[in-house]
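Okay, structure first, notes after.
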Amino acid sequence: MFLVFFRVIILYGLTIFCLRFMGKRQLGELQPTEFVITIMISNIATMTIENTSVPLASGLVPILVLICLEVIISVAAIKNRKVRKLVSGNPLIVIRNGVLDQNTLQELRFSIDDLMEALRGQNIFDIRDVEFAVVETNGIVNIFKKAEKQGVTPEMLQLQTMPCGPQVVLVSDGELIEDGLDTSGMTRDWFDRTLAKEQRSVRDIFIMTCNNAGDYHIIPKQ
Amino acid sequence: MKRFIAAIVILSVLLTATIIGIVYLKHVVDDISGIVVKLMEAAADNDYDKARNLAEIVSIEWKQREKILIFATQNKEMDELTFTISGLESLVSEDYWPDLRSQCEKILTILEHIWESERPSFHNIL
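Sequence order for the protein chains is A and B.
Here the first sequence stands for residues 10 to 231, numbered as in this note's numbering.
Here the second sequence stands for residues 441 to 566, numbered as in this note's numbering.
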């Protein structure tokens with residue numbers, strides 16, 4: 010049991026390192042190669058933890074080799090379109106100008122139910138509303154609505170808009186996050202003045218967010 | 441690009457380590473097998489002193505090499521080998537020659553099996 014304890018710690022550390030080494034790509038939607046690597050690593054790590062008669066190196070070496078191969082292949086795929094096509098495939102258009110491409114759908118082995126579910130997930134209930142629907146290499150269906158079905162934007166109405174960035178967390182559970190101030194472009198002086206105006210201290214705030222236009226929102230601790 | 445270079449370096453280090461491991465394993469198998477064969481010959485000649493000396497040597501040699509081999513070889517086989525080798529000296533001192541011969545053959549078989557299972561061959565890869 011003692012051995013298992015330390016093996017878990019070592020393999021946990023290695024797996025975290027591997028995920029970080031693969032980069033942020035791995036943490037989002039998985040490409041086919043990334044999916045394979047993830048399953049294989051989890052299996053190898055589990056077997057090595059469980060079976061103490063197998064040397065730890067028998068688990069560490071294959072995990073590291075898999076990660077290195079994944080990194081090398083992903084770089085090769087970025088540099089070379091043929092490699093990219095080989096390992097990830099091509100995105101395919103399944104709806105074009107409101108018309109379903111049944112051959113592509115069969116080629117993908119996508120049922121009409123799968124497609125309709127993906128459309129409904131994007132708040133589309135009629136295939137005729139879709140200009141293009143593309144099945145990406147990771148299996149996600151991305152949709153471009155017909156022009157007449159798209160929402161009205163300020164640009165269409167020729168309205169003036171003020172640029173404002175996303176809300177950034179400045180205080181989390183009573184703790185000031187300095188990086189948040191940098192990201193939102195606000196100063197410490199502004200922050201202190203805002204808290205003084207609101208008559209609050211940092212410790213009393215559960216969450217405080219702000220964008221680069223100075224629009225903030227405070228949720229006090231209960 | 442840093443990750444790409446790091447991946448190439450890690451792969452190269454691992455490949456080198458595995459090649460060194462295989463070469464080391466081959467040396468260990470050859471050396472220990474050689475001593476065990478000599479031990480069997482001494483036992484066949486009823487040369488007690490030589491047999492006792494060789495049993496001691498094989499035990500010492502194995503203890504030293506086992507510490508490194510344990511990192512890369514199945515622990516069960518290593519344990520069995522350690523257990524068998526540790527019994528050789530007592531078999532020699534008790535004059536159990538037939539048992540000694542069979543234990544030596546067992547050691548040779550296990551060593552051969554370890555080498556055959558680790559050897560980088562097409563058969564093993566498949």
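No residue lacks a Cβ here, since even glycine has one placed at the ideal position from N, Cα and C.
Given the structure is predicted, the values throughout are model-derived calculations rather than measurements.
Straight across, the Cα-Cα distance linking Gly194 (chain A) with Ile510 (chain B) is about 57 Å. The Cβ atoms of Gly189 (chain A) and Asn221 (chain A) do not sit closer than 8 Å to each other. With a contact defined as Cβ atoms closer than 8 Å, Pro560 (chain B) and Ile462 (chain B) qualify at about 6 Å. Ser181 (chain A) carries a strand assignment under DSSP once its states are collapsed to helix, strand and coil. Secondary structure at Phe26 (chain A): helix, using DSSP grouped into helix, strand and coil. When Cβ-Cβ separations below 8 Å define contact, Asn564 (chain B) makes no contact with chain A. When C-beta distances to chain A are compared with 8 Å, the residues of the segment 512-525 of chain B below that value are Ala512, Thr513, Gln514, Asn515 and Lys516, in chain order. Annotation: Cβ neighbours of Gly32 (chain A) in chain B (cutoff 9 Å, chain order): Arg443. Ala495 (chain B) is positioned such that its CB atom lies no closer than 8 Å to that of Val468 (chain B).
Residues of chain B with a Cβ closer than 7 Å to the Cβ of Leu73 (chain A) are, in chain order, Ile450 and Leu454.
The beta carbon of Trp502 (chain B) sits closer than 8 Å to the beta carbons of Ile472, Leu521, Thr522 and Ile525 from its chain, once the five residues preceding and following it are set aside; these are given in chain order. Taking all protein chains shown into account, Gln115 (chain A) has fewer than 16 neighbouring C-beta atoms within 10 Å of its C-beta and is therefore exposed. For the segment 40-66 of chain A, the set of residues with a beta-carbon nearer than 9 Å to any beta-carbon of chain B comprises Thr61, Ser62, Val63, Pro64, Leu65 and Ala66, in chain order. Under DSSP, Tyr488 (chain B) forms no beta bridge with any residue.
Secondary structure of Val468 (chain B) (DSSP, three-state): helix. By the rule that beta-carbons nearer than 8 Å mark a contact, Val161 (chain A) does not touch chain B. Residue-level contact check: Ile508 (chain B) does not touch chain A, since none of the beta carbons of chain A fall below 8 Å from its beta carbon.
Under the three-state reduction of DSSP, Asn151 (chain A) is assigned to strand.
Judged by DSSP secondary structure, Met171 (chain A) falls outside any alpha helix (DSSP H); it is assigned neither H nor E. Listed as beta-bridge partners of Tyr225 (chain A) by DSSP are A:Cys219. For Val13 (chain A), no CB of chain B lies under 8 Å from its own CB, so it is not counted at the interface with that chain.
In this chain, Phe511 (chain B) is not harboured by any alpha helix (DSSP H), its DSSP state being neither H nor E.
Sequence-distant partners of Thr61 (chain A) (beyond 5 residues in either direction) whose C-beta falls short of 8 Å from its own C-beta, in its chain, are Leu12, Val13 and Arg16. Neighbours of Ala447 (chain B) in chain A, taken as residues whose beta carbon is under 7 Å from its own, are Cys77, Val80 and Ile81 in chain order.
By the CB criterion at 8 Å, Phe444 (chain B) and Val84 (chain A) fall inside the cutoff.
Put simply, the CB of Val96 (chain A) is far from chain B, with every gap to its CB atoms at 8 Å or more. The beta carbon of Ser181 (chain A) is closer than 7 Å to those of Ile216 in its chain, skipping five residues each way along the sequence. When rounded, the separation of the alpha-carbon atoms in Leu95 (chain A) and Ala205 (chain A) is 59 Å. With fewer than 16 other beta carbons inside 10 angstroms of its own, Val449 (chain B) counts as exposed.
Its chain contains Val180, Gly183, Glu184, Leu185 and Leu204 as the residues whose beta carbon lies nearer than 8 Å to that of Val211 (chain A), once the 5 sequence neighbours on both sides are disregarded; these appear in chain order.
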